[in-house]
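Take any residue in the sequence shown, note its place counting from 1, add 685, and you have its number in our numbering. The beta-carbon is built from N, C-alpha and C at its ideal position, and this holds for glycine as well. Inspection log for the structure reproduced underneath, given as C-alpha cells.
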Amino acid sequence: MASILALVTGQPRLELAAGDTLIQAGESGGELYVLERGRLLVERDGVPLATISEAGALIGEMSVLLGVDHSASVRAEAPTTLRVIEDAIPFLERTPLMALHVATLACERLERTSALLVELRKETEGRASEQGLLSRIFGALTTPEVRGRVAEGE
Numbered sequence: 686m687a688s689i690l691a692l693v694t695g696q697p698r699l700e701l702a703a704g705d706t707l708i709q710a711g712e713s714g715g716e717l718y719v720l721e722r723g724r725l726l727v728e729r730d731g732v733p734l735a736t737i738s739e740a741g742a743l744i745g746e747m748s749v750l751l752g753v754d755h756s757a758s759v760r761a762e763a764p765t766t767l768r769v770i771e772d773a774i775p776f777l778e779r780t781p782l783m784a785l786h787v788a789t790l791a792c793e794r795l796e797r798t799s800a801l802l803v804e805l806r807k808e809t810e811g812r813a814s815e816q817g818l819l820s821r822i823f824g825a826l827t828t829p830e831v832r833g834r835v836a837e838g839e
C-alpha cells in the first residue's frame, strides 16, 4: 500500500508545541490528521488511552467517519507536526488508497480488541460480574447498529 505520508504531501501542515491541544472531546470535527513527527497523548474522561508517535498515524478518523463529535481529547506531548485533511470525506472519496488505509486501520484495531476481550473472558471465567461486562462489550462489538454518516445516507 502506498505510504500514507505520500498521499497527504499536498495537505496543509500544522505545528504543535508540547502541551497544545489538537482535539477536544465533545467538539465536532471534520478534519483528519496524519502525524509526520512528534508525540500525541489520547485521553478520554481523563483516562490515558494511547500515545501516538508513529509517522503516518491517523487522528480523528472515528469522528470523521461516524459524523459525530470527538470521543477523546488529543494533545501534543512533544513538538509535533501533522498534515491536516480538511473536508476529509470528500478527500477519502477522491483518494481510494487513503480510504483503504483508514478501513484497514479500523479492522486492525477491531481484531486486536476482539483478541484482548477473548483473553479477558478466559481469565475471568467463573466471575459473574466480569463476565456480564464482557458480554455487554462483545454485544456492542457485534450489534449491527449503523449510525452517523452511513445511517443518514451521506
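| Check | Outcome |
| --- | --- |
| Count the other C-beta atoms from every protein chain shown that fall within 10 angstroms of the C-beta of Ser-688, then say buried if there are 16 or more, exposed otherwise. | exposed |
| Using 8 Å as the cut-off, can you tell me whether the region 759 to 768 makes contact with the region 715 to 723, which would need three or more C-beta pairs spanning the two stretches below that distance? | yes |
| Which residues does DSSP pair with Ala-735 in a beta bridge? | Val-727 |
| Which residue's Cα is closest to the Cα of Glu-739: Pro-775, Glu-778, Glu-746 and Leu-690? | Leu-690 |
| With three or more beta-carbon pairs closer than 8 Å as the criterion, would you say the region 700 to 710 touches the region 744 to 761? | yes |
| Given that a residue counts as buried once 16 or more other Cβ atoms are within 10 Å of its Cβ, and exposed if not, what is Ser-748? | buried |
| Considering Cα atoms alone, identify which of Leu-801, Ser-799, Ser-713 and Ser-820 is closest to Leu-750. | Ser-713 |
| So, using beta-carbon positions, are Gly-745 and Leu-717 closer together than 7 Å? | yes |
| According to DSSP, simplified to helix, strand and coil, what is Arg-768? | strand |
| Between which residues of its own chain and Val-787 is the CB-CB distance below 6 Å, once the five residues before and five after are set aside? | Glu-746 |
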